[in-house]
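Start counting the sequence shown at 13; every next residue gets the next number (the working numbering).
Don't be surprised by glycine CBs; every beta carbon is placed ideally from N, CA and C.
The structure displayed is predicted, hence computed values, not measured ones.
First up is the structure itself, then whatever we jot down about it.
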Amino acid sequence: MSNINRRTLISAVLGSALPAMAQPAKSDVLRIVVPFPAGSGMDVTGRLLAHTLETTSGRNVIIDNKPGAGAVIGSLDVSRSKPDGNTVLLNSAGHTTNAVLYKSLPFDSKSDFTPITRLATYYGWALLVGANSRFKTLQQFIDAAKASPGKLTIANSGLGNPTHIMASLFCRNAGVELVHVPYKGAPSNDLVSGVVDCTFLAPVSAQGWIQGKQMRALGLSGNVRSPIVPDAPTFAELGLDVPDIPAWSGIWGPKNMSEAAANSLHAMFAKLGQDPKYRQYIQDGGGVLEAMAPRDFKAYVDSEIDRFARILPPLGIQIS
Numbered sequence: 013m014s015n016i017n018r019r020t021l022i023s024a025v026l027g028s029a030l031p032a033m034a035q036p037a038k039s040d041v042l043r044i045v046v047p048f049p050a051g052s053g054m055d056v057t058g059r060l061l062a063h064t065l066e067t068t069s070g071r072n073v074i075i076d077n078k079p080g081a082g083a084v085i086g087s088l089d090v091s092r093s094k095p096d097g098n099t100v101l102l103n104s105a106g107h108t109t110n111a112v113l114y115k116s117l118p119f120d121s122k123s124d125f126t127p128i129t130r131l132a133t134y135y136g137w138a139l140l141v142g143a144n145s146r147f148k149t150l151q152q153f154i155d156a157a158k159a160s161p162g163k164l165t166i167a168n169s170g171l172g173n174p175t176h177i178m179a180s181l182f183c184r185n186a187g188v189e190l191v192h193v194p195y196k197g198a199p200s201n202d203l204v205s206g207v208v209d210c211t212f213l214a215p216v217s218a219q220g221w222i223q224g225k226q227m228r229a230l231g232l233s234g235n236v237r238s239p240i241v242p243d244a245p246t247f248a249e250l251g252l253d254v255p256d257i258p259a260w261s262g263i264w265g266p267k268n269m270s271e272a273a274a275n276s277l278h279a280m281f282a283k284l285g286q287d288p289k290y291r292q293y294i295q296d297g298g299g300v301l302e303a304m305a306p307r308d309f310k311a312y313v314d315s316e317i318d319r320f321a322r323i324l325p326p327l328g329i330q331i332s
């Protein structure tokens with residue numbers, strides 16, 4: 013899908029989803045809580061998802077943005093909702109990292125929710141430098157960082173953000189000391205201009221910069237190369253054992269939801285893959301469509317929280 017078509021699709025979805033916000037709540041309306049602001053990536057995904065669900069299921073769907081506190085506010089809203097199948101949470105892998113990063117949460121990330129399905133997974137974070145950087149390979153970068161500890165900089169998109177976690181894991185496992193520079197958003201412009209030496213970004217976020225010859229990917233987290241940056245080797249290929257923080261999106265309901273209600277919602281969301289525009293949207297973003305069953309999704313979420321409980325505390329990242 014071309015960028016023009018992609019923008020046209022998103023604009024159409026935004027336009028069609030906004031009027032639904034004004035509809036009164038009723039039993040046949042599904043409220044999808046998005047714990048991020050309107051216009052954010054997850055919000056755009058949610059509105060396309062809502063628009064598609066109305067077509068594939070015939071059910072009325074509204075998007076309810078409840079941003080704040082790193083998705084905690086929206087998640088809390090769902091955790092306190094009735095388990096009647098009318099309210100769900102659309103969230104990211106942050107649901108599993110927040111369970112470990114926050115000193116305290118007003119809910120239990122495992123027991124206060126009913127996992128419904130994992131919708132899509134986006135594999136790999138790209139370690140990027142500006143096109144004018146002196147570093148052409150990952151090994152060159154690591155050698156320079158080891159030769160001058162604390163001199164090179166790595167930007168991230170905020171404390172506890174996946175880019176911050178990936179940067180910390182990379183430093184620890186590659187044996188390098190870098191200066192972490194937090195930004196409120198993506199540090200793309202400063203990376204290109206050379207203000208910072210490197211950063212981690214999702215390949216799709218860097219796609220335009222890479223194609224425009226303004227950024228270069230030195231490596232990719234995980235074990236699978238990205239079709240967006242096919243020339244970038246994975247850390248595993250380069251002999252680096254760096255735990256991955258996979259990006260994905262999922263659906264949760266409140267706790268105590270009946271198995272029948274959870275299965276009904278799962279069947280509803282599983283139909284998303286039948287829509288060609290939705291499939292194309294996910295694929296253009298570098299994602300892999302999924303429809304993980306509730307039981308499997310619960311096992312996955314619980315195992316990820318347990319995994320992060322092992323690998324994150326040594327990094328010293330904690331959010332009050």
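Within 8 Å, strictly: CB atoms of A274 and T126: Taking the C-beta atoms as reference points, T126 is found nearer than 8 Å to A274.
Taking Cβ positions, are T108 and E316 nearer each other than 8 Å? Yes, Cβ-Cβ distance for T108 and E316 is below 8 Å.
Three or more C-beta pairs closer than 8 Å, one from the stretch 86-102 and one from the stretch 45-63: is that the case here? yes
Name the two residues that bound the continuous alpha helix (DSSP H) containing S270. Annotation for S270: no alpha helix (DSSP H) segment contains it, and DSSP assigns it neither H nor E.
Specify the secondary structure class of I128 as computed by DSSP and reduced to three states. If DSSP states are grouped into helix, strand and coil, I128 belongs with the strands.
For R291, which three-state DSSP category applies? Helix, per DSSP.
In its own chain, which residues sit with a C-beta less than 7 Å from the C-beta of S276, not counting the 5 before and 5 after it? Around S276: G97.
Opposing strand residues paired with W264 [DSSP bridges]: L101, P127
Tell me the DSSP bridge mates of P194? Looking at the DSSP assignment, P194 forms a beta bridge with N168.
Distance, Cα to Cα, G224 vs S52? 24 Å
Report the rounded CA-to-CA distance for L164 versus D308, giving the unit in angstroms. 42 Å
Would you decide whether K38 is buried or exposed? Buried here means 16 or more other CB atoms lie within 10 Å of its CB. Because K38 sits at a pLDDT of 40, beneath the cut-off of 50, its placement in the model cannot be relied upon, and the following sentence gives the value as read from the coordinates. So K38 counts as exposed.
Residue from L61, R43, S217 with nearest C-alpha to K289: The option with the nearest alpha carbon to K289 is L61.
Kindly give me the distance between the Cβ atoms of G82 and G106, rounded to whole angstroms, as I take these residues to be in contact under 8 Å. Sure, about 7 Å apart at Cβ, within 8 Å.
DSSP on N235, reduced to helix/strand/coil? Coil.
Beta-carbon gap between P258 and Y135 smaller than 8 Å: Going by beta carbons, P258 and Y135 fall inside the 8 Å limit.
Local conformation of Y312 per DSSP, three classes: Annotated three-state conformation of Y312 is helix, per DSSP.
Could you give the residue range of the alpha helix (DSSP H) that holds R43? Unbroken run through R43 is the beta strand (DSSP E), 41-46; no alpha helix (DSSP H).
Can you look up M33 in the DSSP assignment and give me helix, strand or coil? For M33, the predicted model reports a pLDDT of 40, less than 50, meaning its position is unreliable and no value from the coordinates is stated.
Would you call the CB atoms of G1 and P194 closer than 8 Å? Nothing in the structure corresponds to residue 1, since the chain is present only between 13 and 332.
Close Cβ partners of A248 (< 8 Å) along its chain, the five nearest in sequence each way excluded: G234, N235
Decide if N144 is buried, meaning its Cβ has at least 16 other Cβ atoms within 10 Å, or exposed. exposed
Between which two residues does the beta strand (DSSP E) harbouring I177 extend? Unbroken run through I177 is the alpha helix (DSSP H), 174-186; no beta strand (DSSP E).
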